[in-house]
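Residue numbers (our numbering), protein chains in the order written: chain A, 8 to 367; chain B, 8 to 367.
There are 2 protein chains.
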Amino acid sequence: MASLTEGNTRPVRLADIAKAAGVSHGTASNVFSRPEIVREEVRERVKAAAEAMGYAGPDPKGRLLRAGKVNAIGVATTDPLSYFFDDPYARAMMASISATCDATGTGIALVSAGNEEKLAWNIQSALVDGFILFCIEGGSRLVELTLERKLPFVALELGFEDDRVSAIGVDNVAGARLAARHLAGLGHRRFAVLSLAFADDSTGLVSPGQVQAAVYTGTRDRLAGYFEELSRFGVDTARVPVYETENDEASTWAGLETIFASAEPPTAILAMSDRTAMIAIEWLAARDIAVPRDVSIVGFDGVPDAALCDPALTTVAQPIAEIGRRAARRILDFDGTVRRETLDVELVVRASSGPPPTRA
Amino acid sequence: MASLTEGNTRPVRLADIAKAAGVSHGTASNVFSRPEIVREEVRERVKAAAEAMGYAGPDPKGRLLRAGKVNAIGVATTDPLSYFFDDPYARAMMASISATCDATGTGIALVSAGNEEKLAWNIQSALVDGFILFCIEGGSRLVELTLERKLPFVALELGFEDDRVSAIGVDNVAGARLAARHLAGLGHRRFAVLSLAFADDSTGLVSPGQVQAAVYTGTRDRLAGYFEELSRFGVDTARVPVYETENDEASTWAGLETIFASAEPPTAILAMSDRTAMIAIEWLAARDIAVPRDVSIVGFDGVPDAALCDPALTTVAQPIAEIGRRAARRILDFDGTVRRETLDVELVVRASSGPPPTRA
DNA sequence: CACTTTCGTTGGATCGATTCAAATTTTGGC
DNA sequence: GCCAAAATTTGAATCGATCCAACGAAAGTG
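Below you can see the structure in the form of structure tokens.
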């Protein structure tokens with residue numbers, strides 16, 4: 008006797024159960040995709056055969072090829088995948104993107120790439136209908152790679168002035184000016200900037216030359232905005248220390264050490280991300296430097312956590328939810344056009360900023 | 008003249024460029040997948056043709072069918088997709104899962120299902136090699152559906168005693184006992200429990216009958232652990248209010264209102280999740296009830312945030328990273344076996360628990 | 001009863017690649 | 001210049017479904 012029916016390890020295919028039930032594969036397919044057009048008796052027979060043979064249902068791999076549409080959008084970054092769950096900005100953005108996807112029954116595929124080779128492969132082989140790119144850093148390479156897929160995609164940052172790529176971002180110059188004006192208006196004159204990267208893998212104090220050579224225009228624009236506004240208030244921006252961080256604890260701490268080692272430490276810090284700003288608040292608290300009594304801080308991004316930290320962070324809020332919604336919509340309702348949108352930011356004044364200490 | 012070459016809208020296929028370059032599609036395929044085995048001259052010719060025709064590279068949809076392996080693992084929940092980015096437990100777990108996936112170049116597909124119909128479809132059509140299921144709530148249905156796909160999967164919770172499903176979880180009874188013993192040992196005798204759901208869609212004060220009928224055994228086990236240990240200390244568990252929350256603000260607030268409306272409010276709260284515990288801490292702070300002076304709280308889960316809130320939360324820590332790592336590994340190295348693992352929890356004592364107030 | 005509809009079913013074509021045994025071309029040795 | 005071995009290239013088969021034109025059977029019509 009032994010085993011007499013079907014092959015042992017090989018998974019059961021639609022064709023197998025069609026044969027077993029004595030119908031054509033076309034009919035078998037209909038049983039699953041449009042059961043109402045199949046006569047009940049036949050339908051039951053096919054279902055019974057499927058059950059008996061342990062059929063797992065139509066394999067999406069097969070369907071996909073025919074259908075053409077994956078029904079998933081890829082979200083890509085050059086950071087490790089955990090970025091999506093760790094970084095507060097990414098999280099807020101993902102929450103908005105996923106809400107939109109949820110509403111339309113679209114799936115989300117997370118794509119990352121630590122190193123060059125894997126990046127390429129992961130982008131090339133992602134099963135998605137389009138991409139949303141987080142291109143805070145190392146964006147250009149990501150964009151090139153994605154361009155090759157010839158799928159709809161949108162960059163979350165207006166980084167490069169490339170008119171082949173759709174993008175959604177904020178007016179960084181205007182936002183930075185809001186922050187600077189707020190602090191200068193409160194009376195501050197001694198500033199320091201906790202910056203994001205200007206180019207790949209750079210950190211540390213920044214020279215004007217490096218600013219000129221900035222690859223990441225988002226960073227450059229924010230700095231430009233800060234400086235423009237500070238100049239109006241008579242601040243000599245050449246003497247404002249700009250420390251480039253990697254938006255993490257280690258590099259931000261290093262920056263603060265450097266900045267506060269100065270003979271004339273700042274009374275106000277302009278941070279280019281809320282994350283850096285919040286790290287700075289903790290660093291200062293640990294050293295008994297009171298915020299905002301001794302030092303004021305203004306962040307950038309407007310992540311939800313910024314409202315909850317202590318003291319609550321004054322920040323330039325991006326419309327994160329709106330950006331996420333639009334990005335997802337742009338992929339879902341892709342119409343073949345390239346568009347670049349700039350949304351407005353808003354200064355949210357909270358407890359981390361106040362007048363400078365009355366002067367020693 | 009007009010347009011004479013290729014179809015206009017239709018995307019370019021491998022076969023198209025093979026024809027254009029005058030080679031077989033087999034060779035064209037090799038140019039992309041194993042370039043080293045095709046003669047340089049031919050390779051260049053094919054690449055040139057691809058370039059000229061705007062070929063996007065081998066379509067993963069096609070490859071997939073042949074290759075069989077998607078190289079992605081699906082993570083599913085019955086909550087909305089944003090759960091993965093909002094809930095601290097989910098986030099910590101995802102960070103660990105994604106680190107493992109990153110290391111192996113595996114993608115992650117997020118799958119969710121608000122309503123029944125979509126749930127089914129999303130699970131059935133997910134392009135993945137296996138699933139990791141977050142089945143905190145509504146798990147059984149999710150498991151049934153996933154079972155039908157006949158793909159490897161693992162449940163993150165030992166919820167059901169179903170030996171068809173692999174699972175990784177913690178010893179809930181032991182963990183709950185640690186929490187209860189800690190508080191009782193400090194001298195507390197008046198307790199309240201902020202519980203998770205015992206069954207679908209239930210909230211509110213729980214009767215012993217409901218506990219008996221618990222569908223979610225994780226919740227039931229934690230409560231059993233609490234009560235076992237409290238009994239040893241002579242606490243009449245029948246009088247301990249157990250309030251079922253949905254692990255969110257609204258229901259937790261409601262629970263606290265109820266619990267503290269009592270004539271003899273508790274001096275100690277056993278919360279079945281850190282999230283609930285942290286929400287409780289905020290609620291109490293807003294009412295000037297000092298933690299731990301007036302009320303002690305012990306959470307459950309050991310999420311990273313618990314160490315950062317104020318006061319830092321005493322909690323029963325699950326080895327979240329380890330669970331995530333093992334879950335991902337179980338899918339990646341699937342060997343056809345079903346296994347259920349129970350990991351140990353650990354009581355982490357922080358600032359939210361202390362002796363009860365010296366009695367009025 | 002012949003004739004049109006309607007309903008279900010069939011089976012070939014297709015989606016876009018990869019694979020592999022067989023055919024062909026090159027290369028190397030003498 | 002001939003033959004075996006090595007290097008390339010070919011083209012049919014396959015992956016697992018869905019789609020659709022065509023066809024047969026049952027139902028409806030005058």
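Beta carbons are placed, not taken as given, at the ideal position from N, Cα and C, and that holds for glycine.
Predicted, not measured: the structure shown is a model, and the values here were computed from it.
Rounded to the nearest angstrom, the gap between the Cα atoms of R20(A) and V172(B) is 23 Å.
Cβ contact annotation for R357(A) (same chain, cutoff 8 Å, sequence separation greater than five): A313, A314, P318, A319, L320, T321, T322, in chain order. Taking C-beta separations shorter than 7 Å and ignoring five residues to either side along the sequence, the partners of T283(B) in its chain run L201, T252, N254, T259, following chain order. The continuous beta strand (DSSP E) containing Y250(A) extends over residues 249-251.
Residue state for G211(A) is assigned as strand, using DSSP reduced to three classes. If you draw a straight line from the Cα of A204(B) to the Cα of Y90(B), it is about 17 Å long. Any Cβ of chain B closer than 8 Å to the Cβ of V298(A) would place that residue at the interface, and such an atom is absent.
Against chain B, the CB of P364(A) has no partner CB under 8 Å away; the residue lies outside that interface. With contacts defined by Cβ atoms closer than 8 Å, I327(B) and G309(B) form a contacting pair.
The C-beta of G64(A) comes closer than 8 Å to at least one C-beta of chain B. In this structure, DSSP gives I24(B) a helical state, which the three-state scheme calls helix. In this model, G69(A) and L72(B) are separated by some 6 Å (Cα to Cα). Close CB contacts of Q325(A) within its chain, under the 7 Å cut and outside five residues either way in sequence, are with V177, D308, G309, V352 (chain order). Per DSSP, reduced to three states, the secondary structure at A63(A) is coil, with no helix or strand assignment. In this structure A116(B) is in contact with G114(A), their Cβ atoms being roughly 6 Å apart against a cut-off of 8 Å. Counting every other CB atom within 10 Å of its CB across the protein chains shown gives L212(A) a total below 16, marking it as exposed. Secondary structure of F205(B) (DSSP, three-state): coil. Residue burial annotation: G232(B) is buried, with at least 16 other C-beta atoms found within 10 angstroms of its C-beta. Three or more Cβ pairs drawn from the stretch 231-249 of chain A and the stretch 180-194 of chain A lie within less than 8 Å of each other, which places the two stretches in contact. Look at I115(A): its C-beta is under 8 Å from a C-beta on chain B. Less than 8 Å divides the Cβ of A63(A) from the Cβ of E155(B).
G114(B) is bridged by DSSP to A79(B). If you look at S173(A), you'll find it in the beta strand (DSSP E) that goes 173-177.
About 6 Å separates the CB atoms of T153(A) and L140(A); that is less than 8 Å, so the two are in contact. Within the same chain, S359, S360, G361 come within 6 Å of P299(B) by CB-CB distance, once the 5 residues on both sides are set aside.
Rounded to whole angstroms, the gap between the alpha carbons of D243(A) and D228(A) is 18 Å. Under a 10 Å Cβ-count criterion, A59(B) is classified as exposed, with fewer than 16 other Cβ atoms of the shown protein chains found around its own Cβ. L350(B) is bridged by DSSP to V177(B). Of the other Cβ atoms in all chains shown, 16 or more fall within 10 Å of the Cβ of N129(B); this residue is therefore buried. A straight line joining the alpha-carbon of T349(A) with that of I175(A) spans about 6 Å.
Its chain contains V118, F138, L140 as the residues whose beta carbon lies nearer than 6 Å to that of A83(A), once the 5 sequence neighbours on both sides are disregarded; these appear in chain order.
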